[in-house]
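Accompanying notes for the structure given below.
The following block contains the structure:
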């Protein structure tokens, strides 16, 4: 199946500082606890079943520093119509996320740096090695 990226855009973005009542001594950045989640939503164009949108939802929290919420949309044209089996296909589970995730990762790292927060590394994900029930931990 041929899939062509036609558009990408940030749908929502929020970054909130995390204020703790009892401030903890500054830890080295490699010791900061990260919480990271990544999920997707598939939308099919009602008028043209060869057009889809995948919205990736990312939650990232860095201990005692900030919490980030991101919704990033990617629009695609595909060479066949979307049917019930498409949402479980290898394209949706591996090929498309492998292509789009670097955009998301780079965007988040750039925004964090531009907000003058400590430089952090977002986890790298190999979607080809994932099972459906694996949780990603860094």
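In this note's numbering, the protein residues as written are 1 to 138. Where is the CB? At the ideal position from N, CA and C, for every residue including glycine. All figures in this text were calculated on a predicted structure; none of them were measured in a lab.
Is the beta carbon of residue j closer than 8 Å to that of residue i?
{"i": "residue 120", "j": "residue 57", "result": "no"}
{"i": "residue 51", "j": "residue 83", "result": "no"}
{"i": "residue 67", "j": "residue 125", "result": "no"}
{"i": "residue 158", "j": "residue 2", "result": "As displayed, the chain neither begins before 1 nor continues past 138, which places residue 158 out of reach and without an answer."}
{"i": "residue 53", "j": "residue 71", "result": "no"}
{"i": "residue 96", "j": "residue 108", "result": "no"}
The alpha helix (DSSP H) that contains residue i, what's its start and end?
{"i": "residue 107", "result": "96–114"}
By the DSSP assignment, the beta strand (DSSP E) with residue i in it spans what residues?
{"i": "residue 128", "result": "Unbroken run through residue 128: none, as it is neither H nor E."}
{"i": "residue 40", "result": "34–44"}
{"i": "residue 85", "result": "Taken as a continuous stretch (DSSP letters only), residue 85 belongs to no beta strand (DSSP E), as it is neither H nor E."}
{"i": "residue 3", "result": "3–17"}
Going by DSSP, what residues sit across from residue i in a beta bridge?
{"i": "residue 62", "result": "34, 66"}
{"i": "residue 51", "result": "77"}
{"i": "residue 57", "result": "39, 71"}
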